[in-house]
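In our numbering, the protein residues as written are 78 to 240.
Glycine included, every Cβ here is placed at the ideal spot set by N, Cα and C.
Since this is a predicted model, take the numbers as computed values, not measurements.
What follows is a single structure, written as structure tokens, with notes after it.
Structure representation (structure tokens):
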């Protein structure tokens, strides 16, 4: 992902009004962000525990959305639909985003189950434990990274779609 300034991050958010964008808190370590490492930028707002932000880069253009989190599930485990990792139930939450444009003004939203702390980018990089005599397939990590990035980009596109 190409490096972005705070102003560019705020300008990339497309499903919120100017007042809501101004209220968004940036991650505490934003200035230390390793942009070469990121496939997308996602964080929980330090100013509001129920707000999350995702910024993806599609066709060289940064696009972002503001998410609202529900309380984590009270089930034993859940799967994140973005990184496809199985987590304890309290670490997966339904995050919804108001749709952009006229649909959003009518109250339409889109949602999916995502890691509650928006750590999909890091979770997908963790190697799953191997069974005895199991060999890790080459390229498996790259496929998982690409899949996670594509699923996050698709979710953002669905929120921003003008259908």
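{"Check": "Candidates 107, 187 and 180, of which the one nearest residue 174 by Cα", "Outcome": "187"}
{"Check": "8 angstroms Cβ cutoff met for residue 182 and residue 236", "Outcome": "no"}
{"Check": "For residue 239 and residue 200, the rounded distance between their alpha carbons", "Outcome": "31 angstroms"}
{"Check": "Coil, strand or helix - residue 182 by DSSP", "Outcome": "helix"}
{"Check": "Cross-strand partners of residue 119 (DSSP beta bridge)", "Outcome": "131"}
{"Check": "Which residues DSSP lists as bridging residue 142, in chain order", "Outcome": "131"}
{"Check": "Close-in-space but distant-in-sequence residues of the same chain around residue 158 (CB under 6 angstroms, 5 per side omitted)", "Outcome": "189 and 190"}
{"Check": "Enclosing alpha helix (DSSP H) for residue 86 [first to last residue]", "Outcome": "83-89"}
{"Check": "Stretch pair the stretch 118-125 + the stretch 165-173: three plus CB contacts closer than 8 angstroms", "Outcome": "no"}
{"Check": "Close-in-space but distant-in-sequence residues of the same chain around residue 134 (CB under 6 angstroms, 5 per side omitted)", "Outcome": "78"}
{"Check": "Simplified DSSP state of residue 229, which is helix, strand or coil", "Outcome": "helix"}
{"Check": "Closest by C-alpha distance to residue 227, when choosing among 106, 94, 120 and 132", "Outcome": "132"}
{"Check": "Buried/exposed call for residue 147, threshold 16 Cβ in 10 Å", "Outcome": "exposed"}
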